Amino acid sequence: MGYRVVVAGATGNVGREMLNILAERQFPVDEVAAVASRRSLGTEVSFGDKTLKTQDLDTFDFTGWDMALFAVGSEATKKYAPKAAKAGCVVIDNSSLYRYDPEVPLIVPEVNPQAIHGYAKKNIIANPNCSTAQLVVALKPLHDRARIKRVVVSTYQSVSGAGKEGMDELWDQTKSIYNPTSEVAPKKFTKQIAFNVIPHIDVFMEDGSTKEEWKMVVETKKIVDPKIKLTATCVRVPVFVGHAEAINIEFEDHLDEDEARDILREAPGVMVIDKREDGGYVTPAECVGDFATFISRIRQDSTIDNGLNLWCVSDNLRKGAALNAIQIAELLGREVLKKG
Ligand SMILES: NC(=O)c1ccc[n+]([C@@H]2O[C@H](COP(=O)([O-])OP(=O)(O)OC[C@H]3O[C@@H](n4cnc5c(N)ncnc54)[C@H](OP(=O)(O)O)[C@@H]3O)[C@@H](O)[C@H]2O)c1
Numbered sequence: 001m002g003y004r005v006v007v008a009g010a011t012g013n014v015g016r017e018m019l020n021i022l023a024e025r026q027f028p029v030d031e032v033a034a035v036a037s038r039r040s041l042g043t044e045v046s047f048g049d050k051t052l053k054t055q056d057l058d059t060f061d062f063t064g065w066d067m068a069l070f071a072v073g074s075e076a077t078k079k080y081a082p083k084a085a086k087a088g089c090v091v092i093d094n095s096s097l098y099r100y101d102p103e104v105p106l107i108v109p110e111v112n113p114q115a116i117h118g119y120a121k122k123n124i125i126a127n128p129n130c131s132t133a134q135l136v137v138a139l140k141p142l143h144d145r146a147r148i149k150r151v152v153v154s155t156y157q158s159v160s161g162a163g164k165e166g167m168d169e170l171w172d173q174t175k176s177i178y179n180p181t182s183e184v185a186p187k188k189f190t191k192q193i194a195f196n197v198i199p200h201i202d203v204f205m206e207d208g209s210t211k212e213e214w215k216m217v218v219e220t221k222k223i224v225d226p227k228i229k230l231t232a233t234c235v236r237v238p239v240f241v242g243h244a245e246a247i248n249i250e251f252e253d254h255l256d257e258d259e260a261r262d263i264l265r266e267a268p269g270v271m272v273i274d275k276r277e278d279g280g281y282v283t284p285a286e287c288v289g290d291f292a293t294f295i296s297r298i299r300q301d302s303t304i305d306n307g308l309n310l311w312c313v314s315d316n317l318r319k320g321a322a323l324n325a326i327q328i329a330e331l332l333g334r335e336v337l338k339k340g
């Protein structure tokens with residue numbers, strides 16, 4: 001006996017990846033429902049070698065479904081996730097709506113799987129922001145060995161992090177630059193994204209940081225350790241899929257680069273590719289479609305006592321969203337629901 005699973009947002013970037021990954025990992029399903037807005041009613045989406053017809057979230061009855069993987073944005077989540085949870089269907093949500101709610105666990109299964117048991121308070125589990133997910137996979141094994149004091153991170157985030165409209169804008173704008181008769185003005189992004197980089201993701205906060213940067217701070221504290229100090233600069237770059245991060249870490253205890261490399265090689269979800277030669281590191285274009293968080297350029301920072309630099313790359317639609325949600329579903333199945 002397997003699970004009855006709803007994928008809400010099945011026509012979107014993250015929802016389509018969820019369907020792919022459920023099939024790839026042979027998640028034990030009895031039935032899968034693809035759900036999106038009324039606009040997509042009847043639209044066909046792929047699930048392994050099957051085709052599913054999209055249903056309308058507004059009229060969907062969650063009774064009798066075990067889990068709902070939500071990737072519909074905060075507004076629609078606010079309206080429909082409580083309905084699903086109330087019907088007894090456990091919601092695993094990708095939006096930021098519930099991430100900071102003390103009654104909702106925020107989980108990266110390689111880092112804080114023990115938090116799963118907190119799901120029952122609201123029948124909802126939150127998935128972190130894409131840039132946080134890959135960061136904490138890299139930080140946790142190092143923190144366990146040498147206690148992290150402070151992290152300085154700069155992100156290079158792909159346009160797919162802004163949904164399918166973000167990808168279309170980069171594609172159309174890139175073409176329009178070679179064909180100036182069809183200028184594509186910025187709409188999803190605040191400035192031209194083609195052949196450019198933009199140091200602004202999500203809204204501005206009172207202190208001058210952006211909400212994306214704030215999310216990385218608060219989520220790292222909730223998932224790994226509230227004592228970790230973190231400062232971030234989040235930048236949108238003209239890459240379709242795959243986020244990169246340059247991470248500087250200050251530890252309480254000494255940790256040399258060779259030991260750090262060995263620890264990361266053994267860490268769950270991590271793949272170390274770190275050769276000090278041309279091409280001996282991973283770039284976003286190479287991580288697409290992969291499950292791993294890739295770590296390269298591991299080196300001592302000699303400007304502080306216990307410092308390390310590294311480069312971290314992952315598929316934001318996978319580890320940053322769909323894969324992490326399905327790992328949570330697997331964890332929930334293994335630890336709590338125990339079917340399949
Ligand atoms: N992309 C990432 O890297 C990433 C990472 C982490 C978290 N997330 C989060 O995941 C969520 C989805 O992101 P995405 O990138 O997949 O966006 P997307 O490509 O724009 O897709 C949005 C999906 O939500 C559906 N939807 C929107 N409003 C709806 C409504 N009122 N009722 C029912 N369905 C509705 C859309 O259906 P229609 O096609 O019918 O409009 C579509 O299936 C967001 O909360 C985002 O913040 C994304």
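Per full-length UniProt numbering, residue 1 is the first one in the sequence shown, and the count goes up by one each step. The beta carbon of each residue, even a glycine, is placed where N, CA and C say it ideally should be. Predicted model only: the values in this text are computed from it and were never measured.
Item: Boundaries of the beta strand (DSSP E) in which T181 is found, first to last residue; Value: It is not in any beta strand (DSSP E) - T181 carries neither H nor E in the DSSP assignment.
Item: Exposure of R236, with buried meaning 16 or more beta-carbon neighbours within 10 Å; Value: buried
Item: Between the CA atoms of E335 and R16 - distance to the nearest angstrom; Value: 26 Å
Item: Counted within 10 angstroms of its Cβ, other Cβ atoms place T51 as buried (16 or more) or exposed; Value: exposed
Item: Host beta strand (DSSP E) of residue 393 (start-end); Value: With the chain running from 1 to 340 in the structure shown, residue 393 is simply not present.
Item: Distance between Q192 and P180 (C-alpha atoms, nearest Å); Value: 14 Å
Item: Alpha helix (DSSP H) segment containing G15, residue limits; Value: N13 to E24
Item: Three-state secondary structure assigned by DSSP to V217; Value: helix
Item: Sub-8 Å separation of I125 and P102 beta-carbons; Value: no
Item: Proximal residues to A267 (C-beta, below 7 Å), its chain only, five neighbours per side dropped; Value: P141
Item: Distance between beta carbons of D253 and N324, contact taken as under 8 Å; Value: About 29 Å; that fails the 8 Å criterion.
Item: Any non-hydrogen atom of ligand 3 closer than 7 Å to W65 Cβ; Value: Ligand 3 is not among the ligands present in this structure, which contains only ligand 1.
Item: Cβ shell of P113 (< 6 Å), same chain only, five flanking positions each side left out; Value: L331
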